[in-house]
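Structure, as structure tokens:
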Amino acid sequence: MRRTRAWWRGAAALALLLLAACGGGEGATSEFVPLPSAAATPSIAATATATPEPNVVAAASPTAAPDGDGVIVVACGDPLVPLDKRHRLEEDCAPADLRPVPAAFAWGSHSVAAAALGPLVEMLEDAAAAGHRLVVLSAYRDYEVQRGAFRSHVERLGLEQAERVSARPGHSEHQLGTTVDFASAAVNYELVEAFGDTPGGRWLAERAHEYGFALSYPRGAEAVTGYQYEPWHFRWLGRETAAELRASGLTLTEFLRRR
Ligand SMILES: [Zn+2]
Numbered sequence: 057m058r059r060t061r062a063w064w065r066g067a068a069a070l071a072l073l074l075l076a077a078c079g080g081g082e083g084a085t086s087e088f089v090p091l092p093s094a095a096a097t098p099s100i101a102a103t104a105t106a107t108p109e110p111n112v113v114a115a116a117s118p119t120a121a122p123d124g125d126g127v128i129v130v131a132c133g134d135p136l137v138p139l140d141k142r143h144r145l146e147e148d149c150a151p152a153d154l155r156p157v158p159a160a161f162a163w164g165s166h167s168v169a170a171a172a173l174g175p176l177v178e179m180l181e182d183a184a185a186a187g188h189r190l191v192v193l194s195a196y197r198d199y200e201v202q203r204g205a206f207r208s209h210v211e212r213l214g215l216e217q218a219e220r221v222s223a224r225p226g227h228s229e230h231q232l233g234t235t236v237d238f239a240s241a242a243v244n245y246e247l248v249e250a251f252g253d254t255p256g257g258r259w260l261a262e263r264a265h266e267y268g269f270a271l272s273y274p275r276g277a278e279a280v281t282g283y284q285y286e287p288w289h290f291r292w293l294g295r296e297t298a299a300e301l302r303a304s305g306l307t308l309t310e311f312l313r314r315r
């Protein structure tokens, strides 16, 4: 197969997104890493605890007492569980109803939970109508893919810096299937802070809540969220909850911990 310049750029973009934390961080963009096969064929196996209707808001109560490290294991199948340094999903927790993101809006193959797909496509269509061509660079990632991403960050950056830009396996919002990283040509389809200052990035920050999405890691909130600013990383909560979050003035991290 003749591999064009565009093909290589696509492959490189796919590779770097797999390094991404929740997303990635600027340090993640300079290196080509082979695409793990697990990412090309994300596990769609439902677990016994996954609910068939992820948009059903269940109680966010943890399913277990804190483990030895003080980390709380949260319920699988609830889209509104807190997921941060203190809360994680079980290793085998996966959405029961993953759907592919339409190719017109994706760079590579990505899936999201069914409940998030309609709002995602509507948002991207409206963004395009407003002149902002945004694409999905990463969406659902299973536990094993996240394990590899975190390990890769530790190898390249050291543990302390990796913790600021990458979630440990089980702690990533991407494992929910409702979280998406966006990029655009304006940032060469890379996950970089500069995205937040592009017209498309600003449009998302201002409008995403109307579609039920929220920015998980705002600028200047690392002391609360545990992660550096990620203007590309949005989690779907449903319109009502996203409106409540916006009205609260809290970070998503604080808001979900208080539910
Ligand atoms: Zn992300």
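Numbered by my numbering, the letters in the sequence shown go through residues 57 to 315 in order. We treat Cβ as the ideally placed atom computed from N, Cα and C, and that holds for glycine.
If you check the CB distance, L271 and S240 do not come in under 8 Å. In this structure, G256 keeps its C-beta atom at 8 Å or more from the C-beta atom of P287.
S194 has its CB nearer than 7 Å to a heavy atom of ligand 1. Comparing C-alpha distances from R295 to each of E266, A172 and M179 shows the shortest one belongs to E266. Per DSSP, the unbroken beta strand (DSSP E) holding L154 starts and ends at L154 to P156. Only residues of its own chain outside the window of five on either side were considered, and among them Y267 have a CB closer than 7 Å to the CB of E178, listed in chain order. Under the Cβ criterion (8 Å, minimum of three pairs), the stretch 279–293 does not count as touching the stretch 151–165. Taking 8 Å as the upper bound for CB-CB distance, S208 and D237 are not in contact here, some 16 Å apart. Annotation for A299: the continuous alpha helix (DSSP H) segment containing it runs R295 to S304. Take A184, set aside five residues on each side of it, and the residues of its chain with a beta-carbon closer than 8 Å to its own are L190, in chain order. Judged by beta-carbon spacing, Y196 lies beyond the 8 Å limit of G226, meaning their Cβ atoms are not closer than that value.
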